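Enquirer: Under this note's numbering, the first residue of the sequence shown carries the number 46, and numbering increases by one thereafter. Just so you know, even glycine gets a beta-carbon here, dropped at the ideal spot from N, CA and C. Fair warning: this is a prediction, and the values are worked out from it, not measured in the lab.
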Amino acid sequence: MSLSSAQKKAFRSIGHHLQPIVTVSENGLSEGAQQELERALRDHELVKVKLAIPEREERQAMVEELIELSGAELVQSLGKTALLYRHNPKANPKLSNVQRAEEHHGRH
Numbered sequence: 046m047s048l049s050s051a052q053k054k055a056f057r058s059i060g061h062h063l064q065p066i067v068t069v070s071e072n073g074l075s076e077g078a079q080q081e082l083e084r085a086l087r088d089h090e091l092v093k094v095k096l097a098i099p100e101r102e103e104r105q106a107m108v109e110e111l112i113e114l115s116g117a118e119l120v121q122s123l124g125k126t127a128l129l130y131r132h133n134p135k136a137n138p139k140l141s142n143v144q145r146a147e148e149h150h151g152r153h
């Protein structure tokens with residue numbers, strides 16, 4: 046499933062206010078970081094990942110690896126930060142960044 050331009054725009058708006066949940070270092074993606082990314086995507090659906098990797102090409106390769114391993118979709122990659130989304134039909138509304146944003150914006 047590919048995200049539409051409108052969905053990506055909405056997710057970028059939500060993601061702007063998020064703090065990175067997972068950090069990936071130059072040493073690559075550790076098992077702990079993989080597990081944390083999996084948990085974060087399951088709970089929050091939309092997560093920011095910090096890439097503490099100095100070289101742009103290496104960061105891009107890591108983003109592609111993260112997408113492949115997690116099954117998530119890239120919403121945005123900006124500098125040393127990537128915004129990833131993976132839909133969870135059973136997401137907890139109190140934890141899901143997407144559902145919380147929809148509720149918040151729906152009240153206006």
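1) Under 8 Å Cβ to Cβ from Glu81, same chain only, skipping five residues before and after it: list those, please.
2) Exposed or buried, Arg131, counting other C-beta atoms within 10 Å across all chains shown (16 or more means buried)?
3) Take Lys167 and list the residues in its own chain whose beta-carbon comes closer than 6 Å to its own, dropping the five residues that flank it on each side.
4) Measure the Cβ-Cβ separation of Val69 and Leu96 and say whether it is below 8 Å.
5) Taking the alpha carbon of Asn142 as the point to measure from, which residue in Leu48, Gln79, Ile98 and Ile59 has its own alpha carbon closest?
6) For Ala106, count neighbouring Cβ atoms within 10 angstroms of its own Cβ and tell me buried if that reaches 16, exposed if not.
Expert: In terms of the structure at hand:
1) Ile66 and Val67
2) buried
3) Since the first residue of the chain shown is 46 and the last is 153, residue 167 is not available in this structure.
4) yes
5) Ile59
6) exposed
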